[in-house]
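Enquirer: One structure follows; several queries about it will come next.
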Amino acid sequence: VIVALVSGAVLMFAAERWRKQQPGAATSRLDPSDLTLKQSFGIGLMQCLALWPGTSRSMVTMVGGYFAGLSPSRSAEFSFLVGLPILCGAALLKSYKAGPAMISVFGVQSVLLGSLVAALSAALAVKFLVSYLSRNGLGVFAVYRIALATLLAAWFLV
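End of the sequence shown = 181 in this note's numbering, gap-free, step of one.
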């Protein structure tokens, strides 16, 4: 996990640096719908890296979006759109398995209200993240990963 955190940070720094060196990167208007099949497939394949514990699916798809020429905000939007089918499937499976027990303990209204609040919170978090990334890029998240890796290394290796 520690190696994955550091590797992800290095990848994020590299993607950020690469993006800034590209002509017109600051004004990129490339939309996810403009991506070629090859670019989309490449970003999708990057999700396989998320099988490595400590690697974020969102992070690797955002980095893939950077390398495909998307702006930070478009990369984040694309990353979350790509993840929606998986997240919805996981939520449906969890509802199928745990739903009856949750309803018997909390009641239908509470479960529905909790689901609605969770969905709204997720939408607000995504909106904030997209806005933040469009202004600041991935650098602060790379620093966070290095700090977390350092703390974990100090905790487990000392």
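All residues carry an ideal CB built from backbone N, CA and C; glycine is no exception.
These figures come from a predicted structure and were not determined experimentally.
(1) When you compare only the Cα positions, how much space is there between V29 and G137?
(2) Spatial neighbours of P76 within its chain, please: C-beta separation below 8 Å, excluding the five flanking residues on both sides.
(3) Along the chain, where does the alpha helix (DSSP H) containing S30 start, and where does it finish?
(4) When we look at the beta-carbon of G162 and count the other beta-carbons within 10 Å, is it buried (16 or more) or exposed?
(5) Can you give me the Cβ contacts of A177 inside the same chain, cut-off strictly under 6 Å, excluding the 5 residues immediately before and after it?
(6) Please state whether DSSP places D57 in a helix, a strand or coil.
(7) Can you name, in chain order, every residue of its own chain whose Cβ lies under 7 Å from the Cβ of L152, other than the five neighbours on each side?
(8) Quick one: grab the DSSP three-state call for T78.
(9) Determine, using beta carbons only, whether T84 and Q70 come nearer to each other than 8 Å.
Expert: In this structure, then:
(1) 35 Å
(2) V24, A27
(3) 25 to 44
(4) exposed
(5) none
(6) helix
(7) A99
(8) coil
(9) yes
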